[in-house]
Amino acid sequence: MPETATPEILPGSVQEEETKTNLDLEPGYLVICWNDPVNLMEYVTHVFQRVFGWRQKKAEFHMLQVHRQGKSVLVRESMEKAEHYVHQLQKYSLHATMERDE
Amino acid sequence: MRLIRTSGDKLLFHLGQREKQALGVVLKLYPRIPSAHQPLSKTATLPDQDAAQRLLDEALAEQRAENKNKVRAFLANPKRFSVDEKGWRLTLSPVDVEWLLQILNDIRVGSWIILGAPEEKEEELNETTAPHIWAMEVSGYFQMGLLEALGKGG
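Quick mapping for you: the protein sequence lines, in order, are chains A and B. Counting from 1, one number per residue, gives the positions in the first sequence under the numbering used here. Counting from 103, one number per residue, gives the positions in the second sequence under the numbering used here.
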């Protein structure tokens with residue numbers, strides 16, 4: 001029996017398309033941490049690990065970015081999740097805000 | 103302040119007499135960051151930003167009130183501190199450590215705000231600034247002690 005050439009639909013491709021559409025519709029929000037000269041570097045690294053579940057190396061990278069460049073974009077998320085992260089970071093008294101990703 | 107040992111989910115610290123006294127004095131300063139001090143956003147680009155800001159302020163105020171009661175209970179709990187040969191032993195769970203780090207950083211950052219949020223580390227020492235500089239330094243000292251115990255300091 002000869003093989004027939006039928007259009008191949010890969011599993012997950014429909015879902016991916018839908019996800020992309022949803023992402024396009026929902027604007028992203030950047031969670032930013034700003035430098036405060038008073039926060040201890042070790043403390044900031046620790047907070048990033050706790051709040052985002054990051055490994056130490058990634059947390060240190062962002063901590064140093066805050067320290068050297070004055071701020072670091074930590075994550076891009078939906079509004080609800082970004083609000084959650086800002087609240088968590090502010091609970092630790094870090095200077096964190098969320099800004100719409102234009 | 104130094105970690106003596108960890109046992110199960112407990113961390114046992116040694117504190118000298120003056121350290122224990124300083125910890126008690128500094129913790130009683132909580133909260134130091136003024137309420138509604140932290141903005142949710144630096145730009146006016148969020149939908150319903152006023153409502154979202156209000157919710158954040160309320161959540162932080164509620165947490166502050168709860169923490170204030172917990173600080174009082176922490177200092178009054180006779181099981182928390184026990185006398186040893188050279189001072190005091192303090193027993194903390196990992197959850198306590200995490201909570202204390204938050205409390206101490208509020209005191210540190212709040213004291214810095216009271217000082218006018220100076221960019222330079224060296225603040226002029228005088229009668230007015232001394233208590234706030236003391237609170238900043240002492241809270242930072244205990245934060246480092248806790249972070250070192252978690253293997254993250256020094």
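For glycine and all other residues, C-beta sits at the position ideal for the given N, C-alpha and C.
{"Item": "C-alpha distance - A/Pro-27 paired with A/Arg-100, whole-angstrom precision", "Value": "7 Å"}
{"Item": "Candidates A/His-46, A/Val-86 and A/Gln-90: closest to B/Leu-248 by CA position", "Value": "A/His-46"}
{"Item": "Burial state of A/Arg-68, where buried means 16 or more other Cβ atoms lie within 10 Å", "Value": "exposed"}
{"Item": "Beta-carbon separation (whole angstroms), B/Glu-137 vs B/Ala-163, contact threshold 8 Å", "Value": "Here residue 137 of chain B turns out to be Ser, not Glu, going by the sequence shown. B/Ser-137 to B/Ala-163, Cβ: 6 Å. Contact."}
{"Item": "A/Thr-45, enclosing alpha helix (DSSP H) - first and last residue", "Value": "41-52"}
{"Item": "Beta-carbon proximity check, B/Gln-165 vs B/Asn-207, cutoff 8 Å", "Value": "no"}
{"Item": "Contact with chain B by A/Met-63, beta-carbon distance below 8 Å", "Value": "no"}
{"Item": "Strand pairing of B/Arg-134, partner residues [DSSP]", "Value": "Its beta-bridge partners do not exist; DSSP assigns none."}
{"Item": "Contact list for B/Ile-135 against chain A, beta-carbon separation under 8 Å", "Value": "Ser-93"}
{"Item": "Inter-residue spacing [alpha-carbon to alpha-carbon] between B/Thr-230 and A/His-62", "Value": "35 Å"}
{"Item": "Interface partners of A/Arg-100 on chain B, CB under 7 Å", "Value": "Thr-147 and Leu-148"}
{"Item": "The beta strand (DSSP E) enclosing B/Leu-113, as first and last residue numbers", "Value": "112-117"}
{"Item": "Residue nearest to B/Met-238 in terms of C-alpha spacing, selected from A/Val-38, A/Glu-60 and A/Val-44", "Value": "A/Val-38"}
{"Item": "Alpha-carbon spacing of B/Ala-146 relative to B/Arg-107, whole angstroms", "Value": "50 Å"}
{"Item": "Interface flag, B/Glu-221 vs chain A, CB-CB below 8 Å", "Value": "yes"}
{"Item": "B/Glu-160 to A/Leu-64 span [Cα, whole Å]", "Value": "31 Å"}
{"Item": "Identity of the residue in B/Val-185, B/Leu-217, B/Gly-218 and B/Leu-129 nearest B/Phe-115 by Cα", "Value": "B/Val-185"}
{"Item": "Pairwise C-alpha distance: B/Leu-129 and B/His-234", "Value": "13 Å"}
{"Item": "Distance CB(B/Trp-190)-CB(B/Leu-117) smaller than 8 Å", "Value": "yes"}
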